[in-house]
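The structure appears below as structure tokens.
There are 2 protein chains.
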Amino acid sequence: MDMNSLQEKLHAIDRECRHLERTIAILQWDQETYLPEAGVEERAEQLALLGSLAHERFASAETGRLLDGLGSSSDNPGGDEKLPPLERDFLKVMRRDYDREKKLPNEFVAEAARAEGLSTAAWSQARRNNDFASFLPHLCTMSELSRRRSVYWGYADNVYDGLLSIYEPGMDSDAVAAVFAPLRERLSILLKKISGAAQPDCSFLGKKYKTETQALFSEELMKRLGFNFDRGRIDISAHPFTTTLGSDDVRITTRYFPDNVLSGIFSTIHESGHAFYDMAMPPELRGTRLADGASMGIHESQSRLWENVIGRSHSFWEKFFPVLAGFFPEQLRFVTADNFYRAANCARPSLIRVDADEVSYSLHIILRFELERGLFSGTVKPEDLPKLWRAKMKEIIGVEPETDTKGVLQDIHWSMGSFGYFPSYALGNLYGLQFFSKLRNDIPDIDSRIAAGNFAPIHKWLFENIHKWGRRLDPPDLLKKVTGQSLSVEPFLEYIEKKYSGVYGI
Amino acid sequence: MDMNSLQEKLHAIDRECRHLERTIAILQWDQETYLPEAGVEERAEQLALLGSLAHERFASAETGRLLDGLGSSSDNPGGDEKLPPLERDFLKVMRRDYDREKKLPNEFVAEAARAEGLSTAAWSQARRNNDFASFLPHLCTMSELSRRRSVYWGYADNVYDGLLSIYEPGMDSDAVAAVFAPLRERLSILLKKISGAAQPDCSFLGKKYKTETQALFSEELMKRLGFNFDRGRIDISAHPFTTTLGSDDVRITTRYFPDNVLSGIFSTIHESGHAFYDMAMPPELRGTRLADGASMGIHESQSRLWENVIGRSHSFWEKFFPVLAGFFPEQLRFVTADNFYRAANCARPSLIRVDADEVSYSLHIILRFELERGLFSGTVKPEDLPKLWRAKMKEIIGVEPETDTKGVLQDIHWSMGSFGYFPSYALGNLYGLQFFSKLRNDIPDIDSRIAAGNFAPIHKWLFENIHKWGRRLDPPDLLKKVTGQSLSVEPFLEYIEKKYSGVYGI
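Read top to bottom, the protein sequences are chains S and V. Take the position in the first sequence, starting the count at 1, then add 116; the result is the number in this note's numbering. Take the position in the second sequence, starting the count at 1, then add 116; the result is the number in this note's numbering.
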């Protein structure tokens, strides 16, 4: 067969697998948003079947033969050097995914998909009822499945590293620990300093904000940030997430609390940041597996950059506070943009990761990282997690949850078997500030653009520097290409220390 | 292989195919309710892939070998006589579906699925913009695909009969024409008589009814009718429909107009009637292809029985008018249950099928039947449909639509390639009244049960006589078993003539 028809056939397999993966994403999105309660069990069966069909198709001997035929091997994943660079990047990623997938037996994949469907449903109920015991068997199953997956991939001696590598290619737990150490130290110092300072007036946040009105504001905000509702939507779910159901179908979810207006606003901006990445994939990558984020950490760099660096900036609220006040004139009658900015950046030890301020956020991640690492090294038992969670919260952040709902049950990730995902969030903070320093260099008047609600230059810069690459570059290469640097905690720590000196006058 | 393992393997194939079909149904449900506009094209690709996977799996040589191995053939579909009756019914239905499916080439199935996705989206836009021309190419494609499908099935000489047979096993166009003739004649006479009589006061229907409040009433009504929201839900779509996404996941859709409160109410009851059938499948049929309606006509007998015979009865509004008036106290201030009953049964020539009264409804169907029949016999060209529609509306019902949106574009069916489906609605009216006569015989005080809002006896009767059979019995056998009769127009015509004599005093 000539090279052209080999490429064509390989791309056809890739396309089919992506259709199947997106079908799975549709089933999962529906489960998190609209599925009637009793439909969960059959949904798990449907997911199991689709998961095993996608796996079977992708990990087939045919995929292997086509990759081989194009000169791609584990040692030379990009294949024949005469192929154009885009095609070589495609082969590189295809080979990496293939080498990983083919090590998983079909039955394992179906079993894991079925278990995941049931586990997320059980988590959702357990969280509602503050009932860790009912979730524990699922947690055990999911961590055992993750362990087996990592062992299949060849990580029998360092299971957690295998799991980390799914989300952050090339990262291992020592490398993560190495950046988390200075992060933990300097953030703890900053948090302590802040605790000693006078807190800004946040009393207006304690008023009731109608969730229907919050939803209207969220949609307005998304439009002004540049979210294209012809190519996406927003819905409600227990845990905010972003999912791509098609190149032109990127959906986010959020949740609204009448007694916490900040939660809905910042979830919306956060998930929109993810969506902007997925919506911006360039035409030449469309329909291929290159049209995806470089890694979870890079994806989080986008969402956290929009949520925090942009969305919690003074410039941002100069523009958007009047808009918000238009939706909530009673609640915000005597409040100014500056008051709101300070309240949105109020830092204090708190229980819920997704609602945490920028100072303590990474500490929430470090807690999870330490527990996960222990879980897979054997020093932590699943049944001890609630107790250990409380103890570590006390130790690292200084508060203790009264319920598991506000503790170990707050996040969906473990119920999905996504162990090793959490570190991406903190890495995202680091990447994000490294990117943003460069962006500020390239667009020196960025603050006034934000204050004018003009986000086009940001979208353009992100596209040209990050989004257009899709999965073509691995995180370290992308970081190098954009910033000339390798991973560093400095830009993030400098940013946060400077910002909080300002907010608290310390 | 022994009989047991043959059965087990055959059931496994059936289960997989049902998971795939339901996944397809989820993708379609999402397309009709929540899919962003630009996502349509990729959704069509996803549907095409899933459709061809389901087809490949079901129409495989393996399915044939297993059926053969169990003694099932086209002449003896039920297979080995030593098998239990339930299993023989399963084999009978499996064999019929298999004989039909295996005649369709894989590429055809994928092509048809892809075309359907694009066509329904184009229809939806054309309907919104009153733009038949933009939909015409899709209409041509869909009718050509239907023709090819029927030819594959061996109906080259009577294409339309092949299409009818999908929805109503054993029915052909002559049999349909034979019952439609007396229906057309006597309904036309009745409609003429009514037109000469004084119309009831319907002025209060012209007021504004907030759609959000209509939605709240619909949910309340569904609960009181016996809809279990743990196993289903209601959403909004351009065209109301019911779909089963899992044994415990049956969803209906409806739509609300502020200037037509009856439309939303009766769509809701109609679709709930479908849902009750699908929700009532007995445990022994669960997860097999027997857990489905006996035919589209029988399905429509359920929806139209709930919508009309129950939902438009005097007893029903004795109970529910006060409930409705609680939701709309201003609009219904000087209205009584009796006023409302008469207004809900106001009969007059009108344009929209789904909103038509019981007298003219079947005439709307007869119009579509005549056009469809002409389309496949070659006397009607797709491009002439808008013109012919207007002429036939004038001739049969006595009114003419000013726009195609209110004419030939009003229904989704043709855009889905569901030619031959429409007659089921009118057959459903006939079946429904044959069933209800028997039900009234068995439960003589049925009217007072309805007036008390007590629907449990109706659910029980429908389950024991109809629902519990699923697809085990074909429509003629089911009808015989329940009523002792074969298909007849008399019970329906007697019912309608008596009811309307009362409403109009004629």
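C-beta: ideal position from N, C-alpha, C; glycine also.
Which same chain residues, not among the five before or five after residue i, have their C-beta less than 6 Å away from its C-beta?
{"i": "S:N581", "result": "V598"}
{"i": "S:E488", "result": "F535"}
{"i": "S:T358", "result": "I368, E387, H390, A391"}
{"i": "S:S383", "result": "P356, T370"}
{"i": "V:L299", "result": "S478, V605"}
By a C-beta neighbour count over all protein chains shown, 10 Å radius and 16 as the cutoff for buried, is residue i buried or exposed?
{"i": "V:E284", "result": "buried"}
{"i": "S:E124", "result": "exposed"}
{"i": "S:R449", "result": "exposed"}
{"i": "V:P591", "result": "buried"}
{"i": "V:I305", "result": "exposed"}
{"i": "S:G442", "result": "exposed"}
{"i": "S:G586", "result": "buried"}
{"i": "S:R402", "result": "exposed"}
{"i": "S:N424", "result": "buried"}
{"i": "V:F251", "result": "buried"}
{"i": "S:N246", "result": "exposed"}
{"i": "V:N461", "result": "buried"}
{"i": "V:A410", "result": "buried"}
{"i": "S:E232", "result": "buried"}
{"i": "S:S447", "result": "Reading off the sequence, residue 447 of chain S comes out as Gln, not Ser. Looking at its Cβ environment, which holds 16 or more other Cβ atoms inside 10 Å, S:Q447 is buried."}
{"i": "V:E178", "result": "exposed"}
{"i": "V:F345", "result": "exposed"}
Can you grab the Cα-Cα spacing for the pair residue i / residue j, in whole Å?
{"i": "S:Q147", "j": "S:A238", "result": "12 Å"}
{"i": "V:W269", "j": "V:S188", "result": "19 Å"}
{"i": "V:G342", "j": "S:P152", "result": "16 Å"}
{"i": "V:F538", "j": "V:T519", "result": "21 Å"}
{"i": "S:S466", "j": "S:I368", "result": "25 Å"}
{"i": "V:E137", "j": "S:D351", "result": "25 Å"}
{"i": "V:N192", "j": "V:G544", "result": "29 Å"}
{"i": "V:S176", "j": "V:L280", "result": "25 Å"}
{"i": "S:L594", "j": "S:P398", "result": "16 Å"}
{"i": "S:Y457", "j": "S:D394", "result": "29 Å"}
{"i": "S:L525", "j": "S:I512", "result": "18 Å"}
{"i": "V:G427", "j": "V:D118", "result": "52 Å"}
{"i": "S:E516", "j": "S:K522", "result": "9 Å"}
{"i": "S:P316", "j": "S:Y620", "result": "8 Å"}
{"i": "V:A556", "j": "S:W145", "result": "The sequence shown places Arg at residue 556 of chain V, not Ala. Approximately 45 Å between the Cα atoms of the pair."}
{"i": "S:G155", "j": "S:A226", "result": "18 Å"}
Per the DSSP calculation, residue i is bridged to which residue(s)?
{"i": "S:N120", "result": "Bridge partners of S:N120: none, in fact."}
{"i": "V:D290", "result": "According to DSSP, which records beta bridges pairwise, V:D290 is partnered with nothing at all."}
{"i": "V:N376", "result": "V:F373"}
{"i": "S:T360", "result": "S:V366"}
Give me, in chain order, the residues of the same chain whose beta-carbon lies closer than 7 Å to that of residue i; leave out the 5 immediate sequence neighbours on both sides.
{"i": "V:A331", "result": "Y372"}
{"i": "S:E613", "result": "L306"}
{"i": "S:S95", "result": "Because chain S here runs from 117 to 622, residue 95 of chain S falls outside it and cannot be looked at."}
{"i": "S:S266", "result": "V275, G278, L279"}
{"i": "S:E203", "result": "Q123"}
{"i": "S:K554", "result": "V598, T599"}
{"i": "S:V496", "result": "L487, G490, L504"}
{"i": "V:N222", "result": "S168, H171, E172"}
{"i": "V:R588", "result": "D205, L406"}
Using a Cβ-Cβ cutoff of less than 8 Å, which residues in the same chain neighbour residue i once the five nearest sequence positions on both sides are dropped?
{"i": "S:L321", "result": "N376, V377, L378, A459"}
{"i": "V:L166", "result": "L136, T139, I140, L143, A229"}
{"i": "V:W422", "result": "L341, I385, H386, S388, G389, F392"}
{"i": "S:T452", "result": "F437"}
{"i": "V:R134", "result": "G403, T404, R405"}
{"i": "S:M532", "result": "E232, S235, T236, M258"}
What are the residues in the stretch 357–373 of chain S lying within 9 Å of chain V by C-beta distance? L361, G362, S363, D364, D365, V366, R367
Contact list for the stretch 133–155 of chain V against chain S, Cβ threshold 8 Å: H135, L136, R138, T139, I142, L143, D146, Y150, L151, P152, E153, A154, G155
Determine which residues of the stretch 382–404 of chain S have a Cβ less than 9 Å from any Cβ of chain V, and write them out in chain order. G403
Residues from the stretch 327–350 of chain S in contact with chain V, defined by Cβ distance under 9 Å: N344, F345, D346, R347, G348, R349
By the 8 Å beta-carbon criterion, what residues does the stretch 158–169 of chain S contribute toward chain V? E158, R159, E161, Q162, L165, L166, L169
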